[in-house]
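What follows is a set of notes on a single structure, which appears directly below.
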Amino acid sequence: MGLLSTQFENSNVVITSVEGVLNWARLCSLWQMSFGLACCAIEMMAASASHNDIMRFGVLPRPSPRQCDVMIVAGTVTLKMASRVKRLYEQMAEPRYVVSMGSCSNCGGPYWEHGYHVLKGVDRVVPVDVYVPGCPPRPEALLEGWMRLQEKVRNFSLVKSETTTD
Amino acid sequence: MTASDIHNRLQTLFPEITLGFDEQVPCIIVPADAIRDVALQLRDDPALLMDTLMCLSGVDNNDGTLGVVYHLDSVALKHKCTLKVIVPVDNPLLQSVERVWRSADWHEREAFDLVGMRFEGHRDHRRILLPDDWEGHPLRKNYEVPEFYNGMKVPY
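First to last, the protein sequences are chains A and B. With my numbering, you'll find the first sequence wraps up at 166, consecutive numbering, no jumps. With my numbering, you'll find the second sequence wraps up at 1156, consecutive numbering, no jumps.
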């Protein structure tokens, strides 16, 4: 009944690569860790709500890091929280991704100079795949970041070594 | 009752201690070792009935002293007053009012955490916001941000 039924008369055979189908399955079901650290979390919740409905990309918020693929660091990472964020990241199963949402978790944001208690960028404790700028970013910006992450997953190769960007 | 009336009443009730009074910002200045008795009197005196501690703040006066400011309110009698305690920075010790008003519990812990005065008689005297292994008190004027905390670089 789907799109493919018009293209194949009898057989249900589709030819693709293993990588292609695995990556397609993964990028369409990136489960997110449900935690927020500050006001960015409100925009993250707005992205989940009906207007933006991030769930149409297969994003399910999960309460346990062991069931998650993506950690959205939404908000100010204090030094006290940083060790917890790192531990949560380590509890996630590979392959795992991190989206840094908002200025605070990108680089410290407004606390960059006088924030004695703020980690100046979550990339000092965990590797970040996508940075979403904004203070806070609108839900559209988070969706854009999400699609960048999906592109990254789509281009993941089981056989070729990943090219490092830095 | 105005702040000056409250000051006069307290001074007659506690003749052995000297209670200062600041006209400019109406507040009563209480010695560090008398604040608990004064607080109990303020709470239980039927003419004062300060039943609510609205706020307790720690201050670094930047002149070798630290201060604690108490904002009191009487819901019953509809009047307010402000108390101040001033302690030297090298021995910042004062009595706790945590047993007088329960709201003082976390406020005193916060003042200790960020400004670093000690509250004698507090039943749960430890940091509240910063991690337990943090060094120093960040809202002191002479505080310097550490280079590293637990292996994480702190400055930008």
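We treat Cβ as the ideally placed atom computed from N, Cα and C, and that holds for glycine. From a predicted model like this one, the values you see are computed outputs, not experimental measurements.
I'd like to check one pair, residue j with residue i: are the Cβ atoms closer than 7 Å?
i                 : j                 : result
VAL183 (chain A)  : ASP53 (chain A)   : Past the boundaries of the shown model lies residue 183 (chain A); chain A is included only from 1 to 166, so the question cannot be answered.
MET44 (chain A)   : ILE72 (chain A)   : yes
SER100 (chain A)  : CYS135 (chain A)  : no
LEU79 (chain A)   : LEU119 (chain A)  : yes
VAL70 (chain A)   : LEU30 (chain A)   : yes
SER105 (chain A)  : VAL77 (chain A)   : yes
CYS1081 (chain B) : ILE1006 (chain B) : yes
SER1074 (chain B) : LEU1049 (chain B) : yes
TYR116 (chain A)  : VAL1145 (chain B) : yes
VAL1069 (chain B) : ALA1032 (chain B) : no
Please classify residue i: does DSSP put it in a helix, a strand, or coil?
i                 : result
THR78 (chain A)   : strand
GLU144 (chain A)  : helix
LEU1042 (chain B) : helix
ARG1099 (chain B) : coil
SER17 (chain A)   : coil
MET1 (chain A)    : Reliability fails at MET1 (chain A), whose pLDDT of 47 lies under 50, so the model's placement of it is uncertain and the value that follows must be treated cautiously. Residue state, collapsed to three classes: coil.
Taking 7 Å as the CB-CB cut-off, is residue i touching chain B?
i                : result
LYS80 (chain A)  : yes
ARG124 (chain A) : yes
MET1 (chain A)   : Unreliable placement is indicated for MET1 (chain A), whose pLDDT of 47 sits below 50; the coordinate value is still reported in the next sentence. With 7 Å as the cut-off, MET1 (chain A) does not count as an interface residue toward chain B.
Got a sec? Which residues, its chain only, sit under 6 Å from residue i by beta carbon, not counting five neighbours each side?
i                : result
MET1 (chain A)   : Any reading at MET1 (chain A) is ruled out, since the residue's pLDDT is 47, under 50, leaving its predicted position unreliable.
ALA141 (chain A) : VAL132, GLY134
How would you write the range of the alpha helix (DSSP H) that residue i sits in, first residue to last?
i                 : result
ASP1105 (chain B) : 1104–1114
HIS1007 (chain B) : 1003–1013
ILE42 (chain A)   : 40–48
For residue i, would you say it is in contact with chain A, using Cβ-to-Cβ distances shorter than 7 Å as the test?
i                 : result
VAL1145 (chain B) : yes
MET1117 (chain B) : no
TYR1156 (chain B) : yes
TYR1157 (chain B) : Nothing in the structure corresponds to residue 1157 (chain B), since chain B is present only between 1001 and 1156.
PRO1131 (chain B) : yes
MET1152 (chain B) : yes
Considering just the uninterrupted stretch of the beta strand (DSSP E) at residue i, what are its terminal residues?
i                 : result
ARG1118 (chain B) : 1118–1120
MET101 (chain A)  : 97–101
CYS1027 (chain B) : 1027–1029
THR1065 (chain B) : 1065–1074
VAL1085 (chain B) : 1079–1088
Excluding five sequence neighbours on each side, which residues of the same chain lie with their C-beta closer than 8 Å to the C-beta of residue i?
i                 : result
LEU1139 (chain B) : GLY1058, ASP1060, LEU1114, VAL1115
HIS1107 (chain B) : LEU1053, CYS1055, LEU1056, SER1057
Going along the chain, which residues of its own chain have a beta-carbon closer than 7 Å to the beta-carbon of residue i, five neighbours each way excluded?
i                : result
ASN155 (chain A) : none
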